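Engineer: To start, I am sharing the structure in question, which I have written as structure tokens.
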Amino acid sequence: MKKTTWTIQNGVDPFALFLRLVEEFGEGQVFLLDAAEDHSESHYCMSLLAVLPVVEVQVKDHWVSLFAPSGMLEKLGVAVLKNSEENCAAGNAPEPSSSVVGPVQGQRFENNPMDFLEGLRTRVRELFTDPVWAPFSAGWLGYVGYDSVHYLERLPKTTQDDRQLPDIRLQWHAAVLQLVEGKLSLFDSSEELGSLLDPDVWIAVKNQVNKVADTVKRFIQRPMTATALLARYEEQIPAVTGDVRQCMESSDTQDLLTDEVTQQEYELAVNKAVSYIHAGDIFQVVLSKRIRVRKVCNAYEAYERLRRRNPSPYMFVADYPDMRLFGASPEVQFRSVNGIAEMRPIAGTSKGRGRTLAEDELLRAALLHDEKERAEHVMLVDLCRNDLGRVCKIGSVQVQSLMQVEPYSHLFHLVSEVSGQLRPEVSVFDALLATFPAGTLSGAPKIRAMEIIDELETLRRGPYGGLIGMVDFAANANTAIVIRTVLEWKHEYYVQVGAGIVADSQPVQEWQECNHKAGAVLEVLQALSTVVQG
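Quick note, the sequence shown lines up with residues 1 to 534 if you use the numbering used here.
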């Protein structure tokens, strides 16, 4: 794999570079994983941009739909069903990114589709003959939605699937950019693709990757700010702002937000969950609610404001032709490099941040000595230990740090780190699902908590509560929990938040906690709606 590295003298804003690449290659062609510089304690100090998706994999209800240039999958040894529109309809697969050339090719799996994804990963890995593999230089980028739990456990399916989103959506890009420690590296997979693509398609891909390199080089020489690029973006696509203004003129801002679960419905669900806890079924369960927001601003502007208001170690923009995800997640879901698996549960939240260093220290101390927060955190650390114990070597699972207080822009969190050595026979995708979903988004015991979630929540969660990130072809993984995230779908935004229900939970307070958690994201969208209306 070809690697080109530039030394950056004055730093590069990953989002500004993302916007420049979108400007050059179009929406749906660039994927951004954006790490805040002030979160080095998270061990995630790399920002990553992937350009030019060549293959897209979608999984929905055990149907795996693959989009790739004609003939490519056969060359990888993938058994493909007949090529037809009927197969596409059976999988209910949305159209892939426009650079993925070729017809839909799919195969039905009644069991765990992760077995298929792992087989495809290992076949692709054989194409890369580099003696030393640079982690996260090529692989699958995308999301695994919460509802993928059905591929791991036999759970009821009573929630309404109103949006029909893929459970899993992953892409392989021809070019990956890594920004770390003052250096920007471009990893070019076009040579490896040469054995899989027809000559004309391969030449087109190589030319596009060369264009990526030229665009990056010019950007380094003459960098632009995200603000300037956003202004240019709106000038080039006036229909975006035009539609927004028309929408704002036709309706009052009071109906900007719609709770898709009423307060009464949510409080009834909390009471039912508490009754299960008192009956001894569970210790905790996370119940969520979904908020629909009229699209009154472009997503890139909203993301820029969100990342500045709430910088987090796992920020991202995932563009697809039919949907978009952007967010600022504070929490790793699962990370594995060279066989060492890591989880970092976050549970325990301070009452904001202080106005002075002295006030901050008081809030830190109060959080660290809050018995309720500590008890909940220890329970979730134990859940992580159990999850890793399912896939790691006996005796290798260790709590590396316990209840460290980490600062974030608006609050403090209690954070621990649990790690272990993966067993050699465990695939990276099996490990992902064995630790999935996070206990902080489900509850404990996990399986019974998920059954109760299915009973008490009326709508499928979709990406919320799942994971987003990268699994590279050498079986390294770096993924975050999909929280503090906005889903753009059919000209509307969706924000979903949850609260951990325990024995002494009060329904009104849990409803208020959900609103508090949604605050940072909703305030950004509401502020931008005011700007647009003005």
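No residue lacks a Cβ here, since even glycine has one placed at the ideal position from N, Cα and C. The structure presented is a predicted model; accordingly, all values stated were derived computationally and were not measured.
Ignore the nearest five residues each way along the sequence and tell me which others in glycine 465's own chain have a CB closer than 6 Å to its CB.
Structural biologist: Tyr146, Pro437 and Leu441
Engineer: If you draw a straight line from the C-alpha of leucine 33 to the C-alpha of glycine 443, how long is it?
Structural biologist: 27 Å
Engineer: Specify the secondary structure class of lysine 517 as computed by DSSP and reduced to three states.
Structural biologist: helix
Engineer: Whose C-beta lies closer than 8 Å to the C-beta of asparagine 10 among residues of the same chain, with five residues either side of it excluded?
Structural biologist: Pro223
Engineer: Please determine, among Ala175, Asn298 and Glu181, the residue with the shortest C-alpha to C-alpha distance to glutamate 192.
Structural biologist: Ala175
Engineer: Quick check: alanine 302 and serine 312, are their CB atoms within less than 7 Å of each other?
Structural biologist: In this structure, serine 312 does not lie closer than 7 Å to alanine 302 by Cβ.
Engineer: If you follow the alpha helix (DSSP H) that phenylalanine 473 is part of, which residue opens it and which one closes it?
Structural biologist: Where phenylalanine 473 is concerned, there is no enclosing alpha helix (DSSP H), given that its DSSP letter is neither H nor E.
Engineer: Nearest to glutamate 425 by alpha carbon, out of Leu402, Lys393 and Ile453?
Structural biologist: Lys393
Engineer: Which of the three DSSP states, helix, strand or coil, is assigned to threonine 122?
Structural biologist: helix
Engineer: For the beta strand (DSSP E) that isoleucine 501 lies in, which residues bound it at each end?
Structural biologist: Note, isoleucine 501: beta strand (DSSP E), 492-501.
Engineer: Give the DSSP bridge partners of arginine 324, in chain order.
Structural biologist: Asp319 and Glu488
Engineer: Mapping DSSP to helix, strand and coil, what is glutamate 406?
Structural biologist: strand
Engineer: Using the Cβ count rule (16 or more neighbours within 10 Å means buried), how would you classify alanine 347?
Structural biologist: buried
Engineer: Return yes when the Cβ of glutamate 260 is within less than 7 Å of the Cβ of arginine 292, no when it is not.
Structural biologist: yes
Engineer: Any idea which residues DSSP pairs histidine 413 with across the strands?
Structural biologist: Thr349 and Glu406
Engineer: Can you have a look at valine 521 and say buried or exposed, based on whether 16 or more other CB atoms are within 10 angstroms of its CB?
Structural biologist: The residue is buried, with at least 16 neighbouring Cβ atoms inside 10 Å.
Engineer: By how many angstroms is the C-alpha of aspartate 13 removed from the C-alpha of serine 185?
Structural biologist: 14 Å
Engineer: Since glycine 420 sits in a beta bridge, which residues does DSSP pair it with?
Structural biologist: According to DSSP, glycine 420 bridges with Ala341.
Engineer: For the stretch 354-363 against the stretch 145-162, are there 3 or more C-beta pairs whose distance is under 8 Å?
Structural biologist: Contact fails: fewer than three Cβ-Cβ distances are below 8 Å.
Engineer: Between the alpha carbons of leucine 368 and leucine 525, how many angstroms are there, rounded?
Structural biologist: 33 Å
Engineer: Work out the CA separation of arginine 460 and aspartate 454 for me, nearest whole Å.
Structural biologist: Aspartate 454 and arginine 460 have their C-alpha atoms some 8 Å from each other.
Engineer: Tell me which residues share the same chain as asparagine 271 and place their Cβ nearer than 7 Å to its Cβ, disregarding the 5 neighbours each side in the sequence.
Structural biologist: Pro507
Engineer: Sorted by chain position, which residues of the same chain lie with C-beta nearer than 8 Å to proline 345's C-beta, five sequence neighbours on each side aside?
Structural biologist: If we look at proline 345 and ignore the five residues flanking it on each side, its Cβ neighbours are Glu331, His377, Leu380, Val381, Leu383, Cys384, Val415, Ser416, Val418, Ala438, Gly439 and Thr440.
Engineer: Assign glutamine 509 to one of three DSSP states: helix, strand, or coil.
Structural biologist: helix
Engineer: Tell me which residue opens and which closes the alpha helix (DSSP H) that phenylalanine 136 is part of.
Structural biologist: Careful: phenylalanine 136 lies outside any alpha helix (DSSP H) and carries neither H nor E.
Engineer: For the putative contact between leucine 49 and leucine 177, defined by C-beta atoms under 8 Å, what is the C-beta separation to the nearest angstrom?
Structural biologist: 4 Å
Engineer: What number of angstroms, rounded off, separates the C-alpha of valine 205 from the C-alpha of methionine 72?
Structural biologist: 14 Å
Engineer: Thinking C-beta only, is aspartate 319 closer than 7 Å to glycine 28?
Structural biologist: yes
Engineer: If you follow the beta strand (DSSP E) that arginine 461 is in, where does it begin and where does it stop?
Structural biologist: From DSSP, arginine 461 is part of no beta strand (DSSP E); its letter is neither H nor E.
Engineer: Within the continuous alpha helix (DSSP H) that includes leucine 576, where are the two ends?
Structural biologist: One cannot answer for residue 576 here, as it falls past the ends of the chain, which runs 1 to 534.
Engineer: Whose C-beta lies closer than 7 Å to the C-beta of aspartate 167 among residues of the same chain, with five residues either side of it excluded?
Structural biologist: Val59, Lys60, Gly145, Asp147 and Ser148
Engineer: Looking only at C-alpha atoms, which of Leu402, Gly420, Ser409 and Pro407 sits nearest to asparagine 386?
Structural biologist: Gly420
Engineer: Could you tell me the alpha carbon to alpha carbon distance between arginine 20 and leucine 197, rounded to whole angstroms?
Structural biologist: Those two C-alpha atoms are separated by around 28 Å.
Engineer: Can histidine 150 and valine 51 be called in contact, C-beta distance under 7 Å?
Structural biologist: no
Engineer: Are there 16 or more other CB atoms within 10 angstroms of the CB of serine 401, so buried, or fewer, so exposed?
Structural biologist: exposed
Engineer: At what residues does the alpha helix (DSSP H) containing glutamine 263 begin and finish?
Structural biologist: 263-278
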